[in-house]
Each structure stands twice: as C-alpha cells, then as structure tokens.
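Novice: Heads up: the sequence lines are chains A and B, in that order.
So for the first sequence, my numbering puts the first residue at 4; every next one is plus one.
So for the second sequence, my numbering puts the first residue at 43; every next one is plus one.
Positions of the beta carbon are idealized from the N, C-alpha and C atoms, including for glycine.
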Amino acid sequence: MNNMESQFELTQEGTILTINLGEELATANATALMEEINNYRETGVEKVVFDATKLSYIASSGIRAIYYAKQKVAGNPAIEFINCAQNIRDVFEMVGIQDQITFVNK
Amino acid sequence: MRQLHFQPIAGKALDILDTILHTPEVASCKEVFGDVRMVCEELVVNVVDYAYPDRTDGYLDVEIEKDEHAIAIRLKDGGVAFNPLEVETPDITKPMEERQIGGLGIFIMLKKMDAVNYERTDNENVLTIKKWL
C-alpha cells in the first residue's frame, strides 16, 4: 500500500465532519484516522460523512474507525457514506451496520 | 506448497502481509483475492500484535497451497495459545454506539472463509484457512 492509497482528509463545516477517504481503510491507516477523529470529539459534530468515492478496500480496523467516530464524537453523530462501492457495502452488511448508515450517491 | 518464514516479526505486520499477498498462489486468486486479503490481514496483525507479548524474537511460518479447487493458508506461531474459534461472537444486532470497538476480525474470518481449523501442536498455534475457488 502506498501513501496515496492511505490518505484521508478531515474537514468540518458547521455540524458536519467530512472525511475524504483514500483507496483503503485498513491496518496501515485506521489508527491514524482514529487519532484525527479525536480532534473533533467536542466540536459540535452532528453528522460524520465519509466520502468513499475512492475507497475499494476496508478491513476490520477500518470498521473500527467507523465505530470510533460513532462512539467518540460527542452526541452520537449520524454516519453517512457517499459513493460507497458494493463490495464495501457487502462488508457493512456482513457486520450488521448497513441499516445504521445513510448511503448517498453523488 | 510455498513456505514462508518470518522472524523477527515485531512491527512487521504490513511487510509480512505484503509478502503473502504477492505470492503467485495468492496473487492469482482473482475472484477471492479481496476475501483472502482481508482475512490474512486480520490473522497476521493478530499474531504480530498479540502472540508474543514478552518476546521480540517471535516467528510466524506461513504455508500456502493452491490447486484448481481451493487455496489453503496455514499460519504457525510459537506464541501464547490462542484459539480464535473460542472467541465470543460479537453481537451484530446492536447499534454501533453500543458495540465494542474491537472483536470483528475473527468474526470476519469465519464469515469469509469456507473452512477454518485450529490446532495447538508442539507449543504452536496452527491455524488453517481455506477458500474455495
């Protein structure tokens, strides 16, 4: 995995925290993402939007990062995924979180 | 059969995983590559992070066999006994905010693989996963 694949970027606008994911969310970058999410724990975030347009692979560590956002950002924020590929949605379905995520195609 | 030996393994999970995924046997598993990759990542990280809590000289041996019907990957380590088949299944009916942050890796392995076998032999954990092609 190279650096391009592991990149992510966080941006807060009002009550929405947007996380632009790279091609992969896995062992190599999930911990770093959780550390970044920590910076937004008490910033009034009501919704965390994962832009998964580039995402093609997720491991359990990546799912942990989603749990982390849900649990550690104060106020139990809604979770939204933009442009989520079917293979990623299949993983979400396998672990029973597909109905707890709003999926949006843009 | 391809045999790989990794030692020491501390801090090398991603390098080990990369080596396994680039073997011709695994790399040629086009349709199931994603599943094999996901499960190998879980297993390698588990061994590297938890098998040798008090040692820096731990090893991981990996055997890979592939034929026209299946790919089988066997991981052996000399670390603390750990039978993943005895791990409690996470409750996937709970809302995300009530779940434990960890514990999904073994669950994913059991869902993704067609056969999983664990033995404790000669002070080694021997875990074999198989996926039909």
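#1: Checking contacts by CB at 8 angstroms: is Gln-74 (chain A) closer than that to chain B?
#2: Which parts of the region 26-86 of chain A are runs of the beta strand (DSSP E), unbroken and 3 residues or longer, counting only runs that do not cross its ends?
#3: May I have the straight-line CA-CA distance separating Thr-14 (chain A) from Lys-118 (chain B), to the nearest angstrom?
#4: Evaluate Asn-5 (chain A) with the Cβ neighbour count: other Cβ atoms within 10 Å of its Cβ, from every protein chain shown; 16 or more gives buried, anything less gives exposed.
#5: Is any beta-carbon of chain B found at less than 8 angstroms from that of Asn-79 (chain A)?
#6: Looking at the C-beta of Arg-67 (chain A), does it have a partner C-beta in chain B at a distance below 8 angstroms?
#7: Is it a yes or a no for the region 135-149 of chain B touching the region 55-73 of chain A, going by three-plus beta-carbon pairs under 8 angstroms?
#8: What number of angstroms, rounded off, separates the C-alpha of Leu-59 (chain B) from the C-alpha of Gln-45 (chain B)?
#9: State the Cα-Cα distance for the pair Val-158 (chain B) and Asp-164 (chain B), rounded to the nearest angstrom.
#10: When DSSP labels each residue in this structure, what does Gln-10 (chain A) get in the three-state scheme?
#11: Within 8 angstroms of any Cβ in chain A, is that where the Cβ of Leu-102 (chain B) sits?
#12: Residues of the region 69-90 of chain B with a CB closer than 7 angstroms to any CB of chain A: list them in chain order, please.
#13: How many angstroms separate the CA atom of Tyr-94 (chain B) from the CA atom of Thr-21 (chain A)?
#14: Any beta carbon of chain B sitting closer than 8 angstroms to that of Thr-18 (chain A)?
Specialist: According to the data block:
#1: yes
#2: 50-54, 81-85
#3: 43 angstroms
#4: Legend: pLDDT at Asn-5 (chain A) = 44, less than 50; position of this residue unreliable, value from coordinates given subsequently. Classification for Asn-5 (chain A): exposed.
#5: Yes, its Cβ sits closer than 8 angstroms to a Cβ of chain B.
#6: yes
#7: yes
#8: 14 angstroms
#9: 19 angstroms
#10: Gln-10 (chain A) carries a coil assignment under DSSP once its states are collapsed to helix, strand and coil.
#11: no
#12: Taking 7 angstroms as the Cβ-Cβ cut-off against chain A, the residues of the region 69-90 of chain B that qualify are Gly-76, Met-80, Glu-83, Glu-84, Val-87.
#13: 38 angstroms
#14: no
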